[in-house]
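K.L.:
Below you'll find the structure I mean.
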Amino acid sequence: MTPAERKAGWVLLFDGKSMDGWVDPRTKTPPGDAWTIDDQCLKAQARPRIGEDLFSQKTYRDFELAFDFKISPAGNSGVKYRVQDHFFVTPTPAGSPKERFEVQVERSFSNRGPRPDHGGDYVVGFEYQITDDAANKDALGNVKHTAGALYDMVAPSSHASLPVGEFNHARIVVRGNHVEHWLNGVKVVDSSLDSDAALAGIRKRWRDSPHILEMMAKEPRKDCPITLQNHGDSAWFRNIKIREIK
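In structure tokens form, the structure reads like this:
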């Protein structure tokens, strides 16, 4: 980081060699296996036993976050902010009718147990989507699930991601409820977390999940950690830095 960046208030969130500044899942009980350090990157491990996002130790309200990311072929990941809650999702009971994932999340919200030795932790928050737009089925089927999107709410204004395997540069700017998503120097989202589009996306997705819908629509928590998402695919993050906006 340059002296000018430091003077402007930027701080590193990753030193390239340790989990300092992050809540290391490997130190939990039982220990997690979703994250490691690989070639000066924070790496989301594919198909971990315990699927969970990586949380920053510090919380942030208004900020500018910059980072580089790389995704595996057909992969999916993301960065979440304005995080309201998180908990492990319990699977649909054997013999029961198949449930929408969002219904599983709602049921799990109300029936929390101790940290399991396998399973997936769901983070309730707003997401900067990271994906392989050319091969990920979710992205191919919904433009609001492509790289740079405000996931499920606002589609990116243009396709700005680089070919899979290359590092992309991203920025997230949050001021109050106004958000900007930047991808490789292009502003692809300029919206508000309480815009009609965002609220419509929230209501559509979480229509069967009243607790989650209320959290996402009302955002009771404003000072929140940043999380890097493990979606079951390999993803790499580096050069992560943040500047708080006062």
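Residue numbers (my numbering): 4 to 249. Think of the CB as a built atom: it goes at the ideal place given N, C-alpha and C, for glycine as much as any other residue. These numbers were taken from a predicted model, which means no experiment stands behind them.
#1: Let me check one thing: in DSSP terms, what residues is F129 bridge-paired to?
#2: Starting from the N-terminal side, write out each stretch of the beta strand (DSSP E) that is 3 residues or longer and does not extend beyond the stretch 174-239.
#3: Just the Cα atoms here: how many angstroms apart are K140 and G123?
#4: Answer with buried or exposed for K10, where buried requires no fewer than 16 other C-beta atoms within 10 angstroms of its C-beta.
#5: Closer than 8 Å by C-beta to K20: which residues in its own chain qualify, once you throw out the five before and the five after it? Chain order, please.
#6: Using C-beta distances below 8 Å, list every residue in its chain close to V106, excluding the 5 sequence neighbours before and after it, in chain order.
#7: With DSSP collapsed to three states, give me the class of V14.
#8: Rounded to whole angstroms, what is the Cα-Cα separation between D135 and S75?
#9: Can you tell me the Cα-Cα spacing of W13 and E67, whole angstroms?
#10: In angstroms with no decimal places, state the Cα-to-Cα distance between D23 and T62.
#11: Are the beta-carbon atoms belonging to R85 and F58 less than 8 Å from one another?
#12: So, under 8 Å CB-CB, A47 and L231 are touching, yes? Tell me the CB distance rounded to an integer number of Å.
#13: Relative to the C-alpha of F240, which candidate in K147, L16 and D226 has its C-alpha closest?
#14: How big is the Cα-Cα spacing for Q60 and T5?
#15: Flag this pair as yes or no: are the beta carbons of E55 and P28 separated by less than 8 Å?
P.N.:
Let's see:
#1: Taking the sequence shown and counting its residues from 1, the one referred to as residue 129 is at position 126. Answer by DSSP bridge pairing, in chain order: Y84.
#2: List check, beta strand (DSSP E) in window: 181-186 and 189-195.
#3: Against the sequence shown, residue 140 aligns to sequence position 137. Against the sequence shown, residue 123 aligns to sequence position 120. So the two alpha carbons sit approximately 20 Å from each other.
#4: The residue you call residue 10 lines up with position 7 of the sequence shown. Exposed, by the Cβ-count rule.
#5: For the purposes of this step, residue 20 is taken as the residue at position 17 of the sequence shown. For K20, where only same-chain residues beyond five positions count, the Cβ hits under 8 Å are I40 and Q43.
#6: To locate residue 106, count along the sequence shown from 1; it is residue 103. Answer for V106: D211 and S212, listed in chain order.
#7: In the sequence shown, counting from the first residue as 1, residue 14 sits at position 11. Strand.
#8: For the purposes of this step, residue 135 is taken as residue 132 along the sequence shown, with counting starting at 1. For the purposes of this step, residue 75 is taken as residue 72 along the sequence shown, with counting starting at 1. Roughly 7 Å between the two C-alpha positions.
#9: Counting from one through the sequence shown, the residue named residue 13 turns up at place 10. Counting from one through the sequence shown, the residue named residue 67 turns up at place 64. If I take the Cα positions, the gap works out to 9 Å.
#10: The sequence position of residue 23 within the sequence shown is 20, counting from 1. The sequence position of residue 62 within the sequence shown is 59, counting from 1. Cα to Cα, D23 sits roughly 15 Å from T62.
#11: As a position in the sequence shown, residue 85 is number 82, starting the count at 1. As a position in the sequence shown, residue 58 is number 55, starting the count at 1. By the CB criterion at 8 Å, R85 and F58 fall outside the cutoff.
#12: Taking the first residue of the sequence shown as position 1, residue 47 is located at position 44. Taking the first residue of the sequence shown as position 1, residue 231 is located at position 228. The Cβ separation is near 7 Å, so the contact holds.
#13: Walking along the sequence shown from the start, residue 240 turns up at place 237. It is L16.
#14: In the sequence shown, counting from the first residue as 1, residue 60 sits at position 57. In the sequence shown, counting from the first residue as 1, residue 5 sits at position 2. Q60 and T5 have their C-alpha atoms some 24 Å from each other.
#15: Along the sequence shown, one-based indexing puts residue 55 at 52. Along the sequence shown, one-based indexing puts residue 28 at 25. Cβ atoms of E55 and P28: closer than 8 Å.
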